[in-house]
Every structure is written in C-alpha cells, then in structure tokens.
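In this note's numbering, the protein residues as written are 42 to 441.
Note that the Cβ used here is the ideal one computed from N, Cα and C, for glycine as well.
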Ligand SMILES: Cc1cc2nc3c(=O)[nH]c(=O)nc-3n(C[C@H](O)[C@H](O)[C@H](O)COP(=O)(O)OP(=O)(O)OC[C@H]3O[C@@H](n4cnc5c(N)ncnc54)[C@H](O)[C@@H]3O)c2cc1C
C-alpha cells in the first residue's frame, strides 16, 4: 500500500453551495468513498449569470473528473483576448494563448452549461442534495460540526463542512470590499454574419470608465444555437438609471462605443434580459477550524478581469480532495490544503488588485499607461509569456 492511500476514510462531509466549487468538491470526495451531502439555498440549484472562461488550469481539473470532453461539446475555444482603446485607437489588450506555448486555449462557456455538466455527474453518483437550506452559521463540537440554516433548521452532525457558498458566504473571513464597477450581462445568439473577431474575447474601452465586451460561449442554453455573452461595465449606483432609461438608450450607448457590435446588441429585446453583476474583493482564510474549509469565492473573490474565479474554485476543490486523500489526520488536511493553494491564490488576488484599475476605474492616467507602456512592453517575449501564463491561470500553479 502506498503512503498516499493512507487518507481519511468514510468521512461524513457537508458541502454548502452548488456552484462550480461545491459540485466539483462533491464529485471528488464522493469518488474517494466519503458520504457527501450537498446543501443549497435555492429551492432548485441554478446557475446565475452569463458566460465565463474556463482556463487551461481549470480544464485540467475537469479532465481529471472525466468531464472535459462533455464541456468541450458545449463550449467554444477562445484563442485570444483582445481589447481596443477607442479613445486613442490603441490595443489595450492583446493576448494569444499560443504565445506561451501553452497547448490549449481557454473555453468560453455559458454558466448553465458548466453547471449542467457538473450537476449531471453529481446526480449520476446519487449524491444527495438538500435544497431550501440557507446556511447562516455552524455549531462546532469536539468531534463534529453541524450546519445551522435559516428558518432554524438544524442540520445533522458531520466530520467536515466545506463552505462553497460563494462571495457572500456567512462564514467567510476577511474584509469584503465592494468594487466600484460591476457589469450588465446578457446572452444572445451568434449572428449569421458579423465583424467581431472569431474565437476571441473582444472588448472596447473608453479610457477605463466604459468597457463593452463580447465572448463566444458555445451553446446558448435558451435557444440551442451558438451563443455569445455580451457585457457592459457600469457602476452599481448607476444601474437603476440605466434600467429606467430603457433598452433603446442602452443599445445606443453600446453601439456608440462599438458600432460593429450592433448585430449582437439588437437581439436584446428589453432591459429584463440583462443582469447586473456586482463584484467584490476579499481574501479570507482557507479554514477556520479542522472541520471547516472554504473553497472558491467563499475563500477568495475578486473582479472577473483576469477570468479566473470558476477555475480557482475548481482547483481549490481538487486540492482539498487531494489533501483529504493524502493524510489520515484532519489536522494535517489544513496544512496540505494551504500548501497546495495559498501561494497561487495570493498571487492572483494581488495581480487582480494591480490590473483591475487599468481596465475598470475612473482614472485617466492608468488607462494611458495601459495603452502606451503595457501595449509596448507586451511585445517583448518575456512580458508576453508572463501575461499569457497569468491569464491561463498557470502562473505559480502548484501541480498536485
Ligand atoms: C459577471 C461575472 C463574470 C465572471 N467571469 C468569470 C470568468 O470568465 N472566468 C471565471 O473563472 N470566473 C468568472 N467569474 C467568477 C466566477 O463566477 C466565480 O468565481 C465562481 O462562480 C465561484 O464559484 P463558487 O463555487 O465558489 O461560488 P458560486 O458560483 O458563487 O456558487 C455559490 C453557490 O452557493 C449557493 N449559496 C450562496 N449562499 C448560500 C447560503 N448561505 N446557503 C446555502 N447556499 C448558498 C449559491 O446559490 C450558489 O449555488 C465571474 C463572475 C461574475 C459575477
């Protein structure tokens, strides 16, 4: 028997939250033979929002779960991230996955498709899901942990509780900072003919105060056709005014910045089809006791500028499962989990703090630096490699 097979056995594990982090954790731990129960606040687990990028780092985890081929069928390869600064007609972002000899591109996918693939696998394994369970706290005893839910429902006793309840987790530690920009998102069909770059996440900027973007997402779950996610940055405090001004005004604003986007934007029939997403930044602790662990946004959340959130949640899930597999002591799980994840997370949280204001802020100086300096240096192979590795999610990534 190898050393690594001496892991914890037959643990009774509660996982709160049916996002990518919770579903992947459930699959990985159930496959190790643990008794897993998922809890979700909604009456039916459902994904919120539009598209996201699955980076090469996240694809490795989906591959190990045996789900990557299924994901590929529902997604669209994204070979390039491109952005044009309309105020000076310079490239503000130009990153090709091929630049760093990373053999895979990202996959643009609708959240519902990622959710669907993970949920089908959870149901196939008959992992129980208890819905209408909104976690409000936990009660810890020496030998167990018990979730406490709204409406005073007490959960059973568990050996471990994994908090995968996202950025607004009631158990998260660390100060939550609301970011000054959020975005309106919608999903539309890919038009029959258009002049937007194919297989790319393409964006247009007005300094850093306006940003419009389009990204292919593979199958549009609403229509079954090839789809695209559209987004438009906005300050949360202005969202109500944008909604009141109506869809005509929204389309006008969008197409003033990016006329070629018209075949996409014209498909949005009313403001009800757009969802406003707000972003938070927080880096908390991976665990707060030997029995309570955080994965994904409940540990660390940030702006989506680097496109890493879902990937990070998948990697956390795999690292925590690996830690549980590697040791027979709950106390050691936290050491291994932290060792596998802390550096990568701190690095990306810091990079997000540095890069987000270049693309989303009121500053006039920062976007100028972006367009002049970064644009110039990004042609240097070393800088180009750094950018490509960063966006691919593999910078500082500790394989396990
Ligand atoms: C607009 C937008 C664009 C993004 N783009 C990208 C991208 O391109 N690439 C990328 O990788 N990431 C992106 N992200 C980030 C990504 O969506 C998140 O980082 C990722 O979903 C985190 O996964 P998670 O499983 O930790 O949490 P979540 O996906 O937030 O899932 C949390 C789950 O917990 C449930 N829940 C919440 N509170 C409770 C409670 N109290 N009790 C019980 N259940 C609860 C929720 O209903 C949900 O099912 C984006 C985010 C936004 C908002």
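- Query: In whole angstroms, what separates the C-alpha of residue 238 from that of residue 224?
  - Reply: A straight line joining the alpha-carbon of residue 238 with that of residue 224 spans about 21 Å.
- Query: Among all the DSSP beta bridges, which residues are the ones paired with residue 159?
  - Reply: According to DSSP, which records beta bridges pairwise, residue 159 is partnered with nothing at all.
- Item | alpha helix (DSSP H) runs contained entirely in the stretch 263-340, provided each spans 4 or more residues | As far as the stretch 263-340 is concerned, its whole alpha helix (DSSP H) runs of at least 4 residues are 280-286, 288-298 and 303-306.
- Residues that residue 188 bridges to, as DSSP identifies them: The partner list for residue 188 (beta bridge, DSSP) reads 179.
- Taking DSSP as the reference, what is the three-state secondary structure of residue 343? Look at residue 343 here: in three-state DSSP terms it is coil, with no helix or strand label.
- For the stretch 223-251, which segments carrying the beta strand (DSSP E) assignment without a break, of at least 3 residues, lie completely within its bounds, in sequence order? If we require 3 residues or more, the beta strand (DSSP E) runs fully inside the stretch 223-251 come out as 223-230 and 241-247.
- Item | C-beta contact flag for residue 339 and residue 397 at 7 Å | For residue 339 and residue 397, no; Cβs fall outside 7 Å.
- Message: Give me, in chain order, the residues of the same chain whose beta-carbon lies closer than 8 Å to that of residue 43; leave out the 5 immediate sequence neighbours on both sides.
- Response: With a pLDDT of only 43 at residue 43, under 50, the local geometry of the prediction cannot be trusted, and no value is derived from it.
- Message: When you compare the CB positions of residue 171 and residue 191, do they come within less than 7 Å of one another, or not?
- Response: No. Outside cutoff.
- Just how far apart, CA to CA, sit residue 435 and residue 92? Taken atom to atom, the span from the alpha-carbon of residue 435 to that of residue 92 is near 21 Å.
- Report the residue ranges of all alpha helix (DSSP H) runs contained in full by the stretch 338-417; include only those spanning at least 4 residues, in chain order. List check, alpha helix (DSSP H) in window: 350-367, 371-400 and 406-410.
- Item | N-terminal and C-terminal residue of the alpha helix (DSSP H) that residue 432 is part of | That run of the alpha helix (DSSP H) goes 422-433.
- What do you get for residue 363, buried or exposed, if any count of 16 or more other CB atoms within 10 angstroms of its CB means buried? The residue in question, residue 363, is buried, as its Cβ has 16 or more Cβ neighbours within 10 Å.
- For the beta strand (DSSP E) holding residue 121, just list the boundary residues, first then last. Taken as a continuous stretch (DSSP letters only), the beta strand (DSSP E) holding residue 121 covers 121-126.
- Pairwise C-alpha distance: residue 268 and residue 287: Straight-line Cα distance between these residues: approximately 23 Å.
- Task: Grab me the residues of residue 54's own chain with a C-beta within less than 8 Å of its C-beta, minus the 5 sequence neighbours each way, in chain order.
- Result: The answer, listed in chain order, is 70, 75, 76, 77, 78, 199, 200, 201, 202 and 203.
- Query: What does DSSP give as the partner residues of residue 166 in its beta bridges?
  - Reply: Its beta-bridge partners do not exist; DSSP assigns none.
- Item | residue 373 versus 242, 334, 130 and 388, residue with shortest Cα-Cα distance | Selected option, being the one with the closest Cα: 334.
- Item | beta strand (DSSP E) segments (min. 3 residues) lying fully within the stretch 55-137 | Counting only runs of 3 or more, we get 76-80, 92-95, 117-119, 121-126 and 131-137.
- Looking at C-beta atoms only, is the number of pairs between the stretch 124-131 and the stretch 277-284 that lie closer than 8 Å three or more? Counting Cβ pairs under 8 Å, fewer than three are found: no touch.
- Query: Smallest Cα separation from residue 73: which of 80, 95, 49 and 61?
  - Reply: Nearest to residue 73 by C-alpha distance, out of 80, 95, 49 and 61, is 49.
- Quick one: is the Cβ of residue 57 within less than 6 Å of any heavy atom of ligand 1? Yes, the beta carbon of residue 57 sits closer than 6 Å to at least one heavy atom of ligand 1.
- Query: If residue 229 sits next to residue 271, beta carbons under 8 Å apart, how far is it from one beta carbon to the other, in whole angstroms?
  - Reply: Sure, about 6 Å apart at Cβ, within 8 Å.
- Message: Quick check on the burial criterion: 16 or more other C-beta atoms within 10 angstroms. Buried or exposed for residue 45?
- Response: Because the pLDDT at residue 45 is just 48, under 50, the model does not fix this residue reliably, and the value given afterwards should be weighed accordingly. Burial is judged here by how many other beta carbons sit within 10 angstroms of a residue's own beta carbon; residue 45 has fewer than 16 and is exposed.
- Query: Between residue 330 and residue 181, is the Cβ-Cβ spacing less than 7 Å?
  - Reply: In contact: residue 330 and residue 181 (Cβ atoms closer than 7 Å).
- Message: Here's a check: name, in chain order, each residue in its chain whose Cβ is nearer than 6 Å to the Cβ of residue 121, leaving out the five neighbours to either side.
- Response: Excluding residues within five positions, the ones whose Cβ falls inside 6 Å are 137 and 241.
- Classify residue 266 as buried or exposed, calling it buried when 16 or more other Cβ atoms lie within 10 Å of its own Cβ. Residue 266 comes out exposed.
- Item | Among 154, 217, 429 and 263, the one whose alpha carbon lies nearest that of residue 324 | Closest option to residue 324, Cα to Cα, is 217.
- Message: Let me check one thing: in DSSP terms, what residues is residue 147 bridge-paired to?
- Response: Residue 147 is bridged to 119.
- Item | Which of helix, strand or coil DSSP assigns to residue 193 | Three-state result, residue 193: helix.
- Item | Cα-Cα separation, residue 214 to residue 179 | Within the model, the alpha-carbon separation for residue 214 versus residue 179 is close to 14 Å.
- Query: Is it the case that the Cβ atoms of residue 251 and residue 298 are separated by a distance below 7 Å?
  - Reply: Less than 7 Å divides the Cβ of residue 251 from the Cβ of residue 298.
- Return the CA-CA distance between residue 432 and residue 354, expressed in angstroms with no decimal places. Going from the Cα of residue 432 to the Cα of residue 354 covers about 16 Å.
- Query: By a C-beta neighbour count over all protein chains shown, 10 Å radius and 16 as the cutoff for buried, is residue 406 buried or exposed?
  - Reply: So residue 406 counts as exposed.
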